[in-house]
Amino acid sequence: MTATAGIPLVNAWNEWDTLREVVVGSADGACFEPTEPGNRPQVRRHKGAQFPTGRKSAEAVARANEELNGLARLLESRAVTVRRPGPHDFSRPLRTPHFDVENQYCAVCPRDVLITLGNEIVEATMSRRARYFEYEPYRHLVYEYWEADPRVGWTVAPKPTMSDAMYRQDFWEWPIEERHRRMHASEFCVGQTEVVFDAADMSRFGRDILVQESMTTNRAGIRWLKRTLEPKGFRVHPVHFPLDYFPSHIDCTFVPLRPGLILANPDRPISQDELSMFTDNGWELIQAPEPVLTNDEMPPYCQSSKWLSMNVLSLSPSTVICEEQEKSLQDLLADQGFEVLTVPFRNVFEYGGSLHCATWDIRRDGTREDYFP
Ligand code: DAV
373 MTATAGIPLV
383 NAWNEWDTLR
393 EVVVGSADGA
403 CFEPTEPGNR
413 PQVRRHKGAQ
423 FPTGRKSAEA
433 VARANEELNG
443 LARLLESRAV
453 TVRRPGPHDF
463 SRPLRTPHFD
473 VENQYCAVCP
483 RDVLITLGNE
493 IVEATMSRRA
503 RYFEYEPYRH
513 LVYEYWEADP
523 RVGWTVAPKP
533 TMSDAMYRQD
543 FWEWPIEERH
553 RRMHASEFCV
563 GQTEVVFDAA
573 DMSRFGRDIL
583 VQESMTTNRA
593 GIRWLKRTLE
603 PKGFRVHPVH
613 FPLDYFPSHI
623 DCTFVPLRPG
633 LILANPDRPI
643 SQDELSMFTD
653 NGWELIQAPE
663 PVLTNDEMPP
673 YCQSSKWLSM
683 NVLSLSPSTV
693 ICEEQEKSLQ
703 DLLADQGFEV
713 LTVPFRNVFE
723 YGGSLHCATW
733 DIRRDGTRED
743 YFP
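Taken in order, the sequence shown gives residues 373 to 745; the numbers are from the working numbering.
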């Protein structure tokens with residue numbers, strides 16, 4: 373691969389400009405997420421049941437891969453170049469100087485691990501032990517872009533220890549009233565002693581990057597992003613959704629669709645003082661409709677909420693991909709003037725994401741705009 377004279381090989385300044393190249397995740401070799409200080413997976417509808425460990429079944433992997441491949445085909449039919457992760461043995465345990473974990477997770481959700489910020493690839497610290505080496509299935513791609521185009525930047529965030537002391541394990545025991553009482557404190561299962569963030573807690577708006585404080589991103593992580601990105605001309609804005617007691621990843625909560633328009637989660641309003649950035653600049657927030665599935669109807673091993681419904685992928689400011697069964701969301705987006713494409717994707721849900729989570733955009737048209745002058 374060689375660089376083209378015009379647009380750099382790696383170029384994405386927002387979530388909506390015309391998509392040219394993207395990585396789609398793969399369920400090959402996927403394992404169940406282990407119980408660890410930063411994660412207490414539960415079998416849905418079977419509270420207290422032992423969560424499985426080790427490899428997912430060949431059938432579950434095949435069902436997810438069929439849908440991931442379907443997404444890849446749809447993207448290719450729209451002239452988007454699709455790349456895939458390389459193989460990785462997720463069933464191997466990890467042992468570092470600070471922790472042991474029985475197995476790793478999967479390469480279904482590149483969004484959590486890597487983010488393109490302009491012409492730069494940033495690898496997140498990650499927040500869970502089982503995901504410590506999750507950048508590895510994507511490194512061949514990172515090297516390829518980095519070797520092929522000298523304009524491509526590559527930044528790797530400092531790896532945290534993920535030792536017991538990094539976490540606040542009592543978080544998992546707080547009763548719901550306590551969570552409500554603490555909702556403005558932004559204290560979750562990661563403490564503040566080390567830099568921690570998942571890439572999916574960020575959302576890109578040209579010069580402006582939102583970063584959600586969450587179970588997977590702490591204040592030190594946001595400080596690191598601010599100090600790393602602001603000298604490069606970005607502005608980093610911490611954001612909070614106080615009614616989400618288990619926040620993780622912003623892309624089921626606050627989803628920009630095109631300049632001036634955000635798909636917002638009606639259960640998780642953005643904190644009032646952070647809303648003004650949008651309203652003062654003429655942005656409109658539309659509320660996502662009730663998802664087709666209730667939380668109780670989500671797949672048994674899925675740790676995400678019903679709001680995976682709103683985890684859409686934009687192909688351009690006027691075309692968006694939605695999960696096939698989310699009819700009311702499709703209608704809402706069509707009413708807003710979007711061309712809505714659909715793919716079946718529910719078998720990917722148990723891997724923690726939908727269409728936005730399962731992708732990592734490498735190249736979109738456009739350049740750095742200032743949407744909040
Ligand atoms: O609403 O459960 C899920 C995002 C997973 N990457 C949610 C967020």
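Idealized CB from N, CA, C, for every residue including glycine.
Discussion item. Using a Cβ-Cβ cutoff of less than 7 Å, which residues in the same chain neighbour Leu701 once the five nearest sequence positions on both sides are dropped?
Written reply: Ala660, Pro661, Ser681, Met682, Cys694
Item to complete: Could you give the DSSP three-state label for Asp616: helix, strand or coil?
Response: coil
Worksheet item: Are Ile734 and Glu448 closer than 8 Å when you measure CB to CB?
Response: Taking 8 Å as the cut-off, the Cβ atoms of Ile734 and Glu448 do not count as close.
Worksheet item: Between which two residues does the alpha helix (DSSP H) carrying Pro509 extend?
Response: 508 to 520
Worksheet item: Are three or more beta carbon pairs between the region 555 to 568 and the region 582 to 593 nearer than 8 Å?
Response: Yes, they touch.
Worksheet item: My guess is that Leu489 and Ile581 are in contact by the Cβ rule of under 8 Å, so how many angstroms apart are they, rounded?
Response: Sure, about 7 Å apart at Cβ, within 8 Å.
Worksheet entry | Buried or exposed (CB count within 10 angstroms, at least 16 for buried), Ser677 | With 16 or more Cβ atoms within 10 Å of its Cβ, Ser677 is classed as buried.
Worksheet item: Since Met534 and His470 are thought to touch, with beta carbons under 8 Å apart, how far apart are those beta carbons, to the nearest angstrom?
Response: Contact holds; Cβ gap of about 6 Å.
Worksheet entry | the region 376 to 387 / the region 520 to 527 touching (three or more Cβ pairs under 8 Å) | yes
Item to complete: Express the C-alpha separation of Glu545 and Phe505 in angstroms, rounding to a whole number.
Response: 28 Å
Discussion item. With H, G and I counted as helix, E and B as strand and the rest as coil, what does DSSP make of Phe744?
Written reply: In the three-state scheme derived from DSSP, where H, G and I count as helix and E and B as strand, Phe744 is classed as coil.
Worksheet entry | Start-end ranges of the beta strand (DSSP E) lying completely within the region 407 to 457, minimum 3 residues | List check, beta strand (DSSP E) in window: 453 to 455.
Item to complete: Go through the region 648 to 719 residue by residue and report every complete run of the beta strand (DSSP E) that reaches 3 residues or more, in order.
Response: 656 to 659, 685 to 688, 691 to 695, 711 to 715
Discussion item. For the alpha helix (DSSP H) containing Thr600, name the first residue and the last one.
Written reply: 591 to 601
Discussion item. Measuring only the C-alpha atoms, how far is Pro409 from Thr468?
Written reply: 15 Å
Worksheet item: How about Asp484: is its Cβ closer than 7 Å to a heavy atom in the ligand DAV?
Response: Within the cutoff, so yes.
Discussion item. Using only CA atoms, which one of Pro638, Arg576, Ala572 lies nearest to Ile658?
Written reply: Pro638
Worksheet item: Alpha carbon to alpha carbon, how far is Ala529 from Arg553?
Response: 33 Å
Item to complete: Inspect the beta-carbon positions of Phe744 and Asn653 and report whether they are closer than 8 Å.
Response: yes
Worksheet item: First and last residue of the beta strand (DSSP E) that includes Glu492?
Response: Segment 492 to 495, the beta strand (DSSP E) holding Glu492.
Worksheet item: Under 7 Å from any heavy atom of the ligand DAV, does the C-beta of Leu447 make it?
Response: no
Practice prompt. Within 10 angstroms of the Cβ of His728, are there 16 or more other Cβ atoms? Answer buried if so, exposed if not.
Written response: It is buried - the Cβ of His728 has at least 16 other Cβ atoms within 10 Å.
Worksheet item: Cα-Cα, which of His609, Asp737, Tyr673, Gly401 is closest to Pro689?
Response: Asp737
Practice prompt. Using only alpha-carbon positions, find the residue among Pro482, Ala399, Glu566 that is nearest to Ser463.
Written response: Ala399
Worksheet item: Any Cβ of chain D within less than 8 Å of the Cβ of Val480?
Response: This model lacks chain D altogether; it includes just one protein chain.
Fill in: Alpha carbon of Arg427 to alpha carbon of Ala572, nearest angstrom
24 Å
Item to complete: Use the C-beta contact count for Pro603: other C-beta atoms within 10 angstroms, 16 or more gives buried, fewer gives exposed.
Response: exposed
Fill in: Strand pairing of Asp764, partner residues [DSSP]
The chain is shown only over 373 to 745; residue 764 falls outside these bounds and no answer can be derived.
Discussion item. Judging by CA-CA distance, which residue of Arg740, Pro663, Arg511, Tyr517 is the nearest neighbour of Gly605?
Written reply: Arg740
Worksheet item: Based on Cα-Cα distance, which residue from Ala502, Asp707, Leu486 lies nearest to Asn475?
Response: Ala502
Item to complete: Count the other C-beta atoms from every protein chain shown that fall within 10 angstroms of the C-beta of Pro672, then say buried if there are 16 or more, exposed otherwise.
Response: exposed
Worksheet entry | Coil, strand or helix - Pro628 by DSSP | strand
Worksheet item: How many Å lie between Leu665 and Val396 at the Cα?
Response: Distance between the alpha carbons of Leu665 and Val396 is about 24 Å.
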